[in-house]
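FYI, the numbering for the sequence shown is 59 to 492, going by this note's numbering. Don't be surprised by glycine CBs; every beta carbon is placed ideally from N, CA and C. Here the structure comes first, spelled out in structure tokens, and everything after it is commentary.
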Amino acid sequence: MLKVKVDLLRVLVRIRNSCLSFFKENFNTNSLILAIFFSLPIYINFFLLKYELGVNFGLKILFTFILLLSFYLFFHKKHAWFGTGFFIGLFWFWWIGLSFRYYNLSWMIPVIDVLIALFYAVLFFLIYKIYGFVYKKNSYAAKIFLIAVFAFGFDYVTPFTFDWFKPEVLFVNSIFGVSKIVLLLFFTAIVFYKELKWISLALLAAALLFKPAEVKLPKLDIYVASTDVPQDKKWLKNYIPVEIRNNFHIINNAINMHKDVVILPESAFPLFLNLYPELLQKLLALSNKITIVTGALHYKNHKYYNSTYVFEKGKVDILDKHVLVPFGEYIPLPFFQKEINRLFFGDASDYSTSSKFGVFKIAAYNFINAICYEATVESLYKLKPKYVIALSNDAWFTPSIQPSLQQMLIKVFAIKYGKIVYHSVNGFKSYIVR
């Protein structure tokens with residue numbers, strides 16, 4: 059019996075020592091500092107958005123300095139890639155679990171945060187291991203592998219269709235563009251800095267030459283409204299009338315300001331608007347004075363849709379959402395969908411989707427419809443119209459940096475594809491990206 063106890067104690071000590079060794083090897087100060095640098099642009103951008111401050115030349119230089127320093131340290135200084143990936147995943151995406159508060163699942167928030175952080179930890183660890191394996195064969199090939207991963211590879215890392223980790227995010231407020239040729243020149247200059255020396259500076263200078271074409275604003279006076287309805291009140295029956303009154307106040311205020319168009323956020327009318335004829339008639343009447351774009355639910359053929367309603371000159375056009383939020387609006391798993399929905403979401407019905415992204419016309423201009431998550435889907439920006447109207451409800455993630463990361467992703471695609479985005483938000487400041 060005594061021998062068994064001694065053996066068990068030895069096993070426990072061995073496990074303890076292995077855990078300590080793992081943490082010492084994979085979680086160190088360098089990884090933490092590096093992850094802070096990688097995340098700093100998102101947090102600075104958050105305060106710029108919150109206080110409605112523009113990105114002036116001085117701030118562009120600051121963002122550029124952080125960009126250069128972050129990637130130089132990442133590629134040329136010793137750090138634990140597992141730990142760096144873990145902290146980056148945590149600092150970028152800790153807010154994702156906050157939406158579970160509204161399903162009485164607050165206990166899942168730290169679980170989700172750790173799982174997401176571990177995903178990026180393992181991803182960075184695998185990149186490092188592949189790099190190390192190739193480096194033993196050919197150091198130049200290994201460095202080319204790193205360039206390919208950071209310039210192109212993360213476009214294909216889409217867990218459950220979620221692809222918000224993009225290196226381009228760190229470029230949007232800097233003096234550099236966000237096109238693939240810019241990324242290729244930039245990462246070649248940084249990764250091969252020790253071999254290329256001054257040629258690296260020439261590559262960085264060349265990257266500055268690739269500037270996006272400027273898109274002209276439409277000749278429409280557009281009012282992009284913000285609302286601040288807390289998520290825990292959003293769908294309360296006794297609070298919906300308050301929201302409706304506030305919406306009409308915003309619309310009438312825009313009319314008094316002689317605006318051409320007023321845009322309200324996602325689900326500004328938190329009901330199946332097409333089933334409320336009196337509300338529809340009021341909005342149709344007002345649409346003779348101003349074009350109204352608003353979010354609301356849509357019920358059709360026994361299906362539920364998250365939709366955009368466009369009221370113009372006494373007519374209404376309804377555009378249903380095409381790409382849903384994974385786990386928020388549907389379960390992105392090929393198995394146990396019903397069981398997961400019943401266990402965690404109380405058998406809530408999944409939304410249905412339209413067959414394609416919606417495009418609608420205001421006056422002589424075509425606009426692409428984007429509802430929340432869709433505004434960060436790259437394929438939407440490949441459509442021909444130059445203008446996007448996006449509606450979001452960011453109250454799900456308040457308070458957090460989610461609106462900042464969302465805006466930076468929108469900015470990446472707006473710059474890359476030459477779009478102007480009008481983004482109306484509940485729970486944060488609305489803005490125009492051009």
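{"Query": "First and last residue of the uninterrupted alpha helix (DSSP H) at P225", "Result": "Run containing P225: none; DSSP gives neither H nor E here."}
{"Query": "Pairwise C-alpha distance: E324 and F403", "Result": "Bear in mind that a pLDDT of 49 at F403, under 50, signals an unreliable position, so the number given afterwards is only what the model happens to contain. So the alpha carbons of these two residues sit roughly 21 Å apart."}
{"Query": "Burial state of T366, where buried means 16 or more other Cβ atoms lie within 10 Å", "Result": "buried"}
{"Query": "E272: first and last residue of the uninterrupted alpha helix (DSSP H) it sits in", "Result": "No alpha helix (DSSP H) contains E272, which DSSP labels as neither H nor E."}
{"Query": "Beta-ladder partner(s) of H356, from DSSP", "Result": "Y363"}
{"Query": "Rounded separation between F246 and F223 - CA only", "Result": "One point to set straight first is that residue 246 is Thr, not Phe, in the sequence displayed. Using only the alpha carbons, I get a separation of about 20 Å."}
{"Query": "Nearest-angstrom Cβ-Cβ length linking I429 and N364, presumed shorter than 8 Å", "Result": "6 Å"}
{"Query": "For T122, three-class secondary structure by DSSP", "Result": "helix"}
{"Query": "For H307, three-class secondary structure by DSSP", "Result": "helix"}
{"Query": "L148 beta carbon near the ligand ADP (any heavy atom closer than 7 Å)", "Result": "The model depicted lacks the ligand ADP and carries no ligand whatsoever."}
{"Query": "Range of the contiguous alpha helix (DSSP H) that encloses I233", "Result": "Unbroken run through I233: none, as it is neither H nor E."}
{"Query": "Buried versus exposed call for F234 [16 or more other C-beta atoms within 10 Å across all chains shown]", "Result": "buried"}
{"Query": "The region 280–288 in contact with the region 309–328 per 3-pair CB rule at 8 Å", "Result": "yes"}
{"Query": "Continuous beta strand (DSSP E) stretch holding L377: start and end", "Result": "K373 to D378"}
{"Query": "Spatial neighbours of P443 in its chain, beta-carbon cut-off 7 Å, leaving aside the 5 residues before and after", "Result": "V417, N424, F425 and I426"}
{"Query": "Buried or exposed by the 16-neighbour rule on C-beta atoms within 10 Å, applied to T305", "Result": "Correcting the residue type first, residue 305 is Asn in the shown sequence and not Thr. Its Cβ being crowded by 16 or more others within 10 Å, N305 is buried."}
{"Query": "C-alpha gap between D405 and Y161, whole angstroms", "Result": "For D405, the pLDDT reaches just 48, beneath the cut-off of 50, and the residue's location in the model is therefore unreliable, although a value from the coordinates is still provided. Straight-line Cα distance between these residues: approximately 11 Å."}
{"Query": "Classification of I350 by the beta-carbon crowding that lies within 10 angstroms, buried from 16 upward", "Result": "buried"}
{"Query": "Separation of A200 from V483, as counted between CA atoms", "Result": "44 Å"}
{"Query": "Q339 burial status per 10 Å Cβ neighbour count (16 or more: buried)", "Result": "exposed"}
{"Query": "Beta-carbon separation (whole angstroms), V227 vs V446, contact threshold 8 Å", "Result": "Contact flag wrong, Cβ pair sits at about 18 Å."}
{"Query": "Nonlocal neighbours in the same chain, by C-beta distance under 7 Å from F132, ignoring five residues either side", "Result": "L92"}
{"Query": "CB of G476 within 8 Å of CB of D452, strictly", "Result": "no"}
{"Query": "Start and end residues, alpha helix (DSSP H) containing Y251", "Result": "Y251 to L254"}
{"Query": "Test item: CB-CB of I478 and V230 under 8 Å", "Result": "no"}
{"Query": "CB of F129 within 8 Å of CB of N84, strictly", "Result": "no"}
{"Query": "Outcome for W454 when other beta-carbon atoms lying within 10 angstroms are tallied against a minimum of 16", "Result": "buried"}
{"Query": "Closest by C-alpha distance to V172, when choosing among N196, F183, L449 and G147", "Result": "G147"}
{"Query": "Within 8 Å, strictly: CB atoms of S97 and W150", "Result": "yes"}
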